[in-house]
Amino acid sequence: MADSLNINLLIPFKDNSGARRNLYKAEIEKFRAQLDARASEIGDDLATIFGDNFELAISSRSDGTTRKYFWRFRSSKRDRKYVRLAAVSIQDYLRSLDREEMRHLKVLEEEIIYLNANLRLLKAMADSIEQSENEIAELRELAI
566 MADSLNINLL
576 IPFKDNSGAR
586 RNLYKAEIEK
596 FRAQLDARAS
606 EIGDDLATIF
616 GDNFELAISS
626 RSDGTTRKYF
636 WRFRSSKRDR
646 KYVRLAAVSI
656 QDYLRSLDRE
666 EMRHLKVLEE
676 EIIYLNANLR
686 LLKAMADSIE
696 QSENEIAELR
706 ELAI
């Protein structure tokens, strides 16, 4: 992913037009889309990297506020919980992988963890901007 989030966290006090806040929201949404695209790309590459018989997939799940990515067995005959690689439920399967596959899987897991962390941060930034807009609107509606 070549682009990084370029955001100045100090929103000017007198940004009456809201143009800067809208720019920040657009940048946040663009970066979120890039993170989602990268997670999708990782998921699409699993068969190429590990072969068609690889039993894990990358799946997204919302925790109510933010989408997060986890590992999940493809087969309904297995435990289909959303898990990290350290979960007990997938340890037997992971032991069946060779050393190089396991190393590569750990690299992917680390990237997924960072994707999830960035998605949480983006959600917090978007929520903060929305909260400030609501507070400014309430202030301007005061009949003083």
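Numbering-wise, the sequence shown is residues 566 to 709 according to this note's numbering. Backbone N, C-alpha and C fix where the C-beta goes; we use that ideal spot for every residue, glycine too.
Between the C-alpha atoms of residue 601 and residue 706, what's the straight-line distance to the nearest angstrom?
38 Å
Just reading off the alpha helix (DSSP H) that residue 643 is part of, what are its end residues?
Looking at the DSSP string, residue 643 is not in any alpha helix (DSSP H), and its letter there is neither H nor E.
Find out if the Cβ-Cβ distance for the pair residue 586, residue 700 is shorter than 9 Å.
no
Span separating the alpha-carbon of residue 704 from that of residue 639:
51 Å
Excluding the five sequence neighbours on either side, which residues of its own chain have a C-beta within less than 8 Å of the C-beta of residue 674, listed in chain order?
636, 649, 650
Going by DSSP in three states, residue 626 sits in which element: helix, strand or coil?
strand
Where residue 635 falls: helix, strand or coil (DSSP)
strand
Looking at residue 646: is its Cβ nearer than 9 Å to the Cβ of residue 654?
yes
Starting from the C-beta of residue 687, find all residues in its chain whose C-beta is less than 7 Å away, skip the five residues before and the five after it, and write them out in chain order.
593, 596, 597
Are residue 589 and residue 620 touching if we call contact CB-CB under 9 Å?
no
If I'm right that residue 680 touches residue 634 with Cβ under 8 Å, what's the distance once you round it to whole angstroms?
6 Å
Here's the rule I'm using: 16 or more other beta-carbon atoms within 10 Å means buried, otherwise exposed. How should residue 709 be labelled?
exposed
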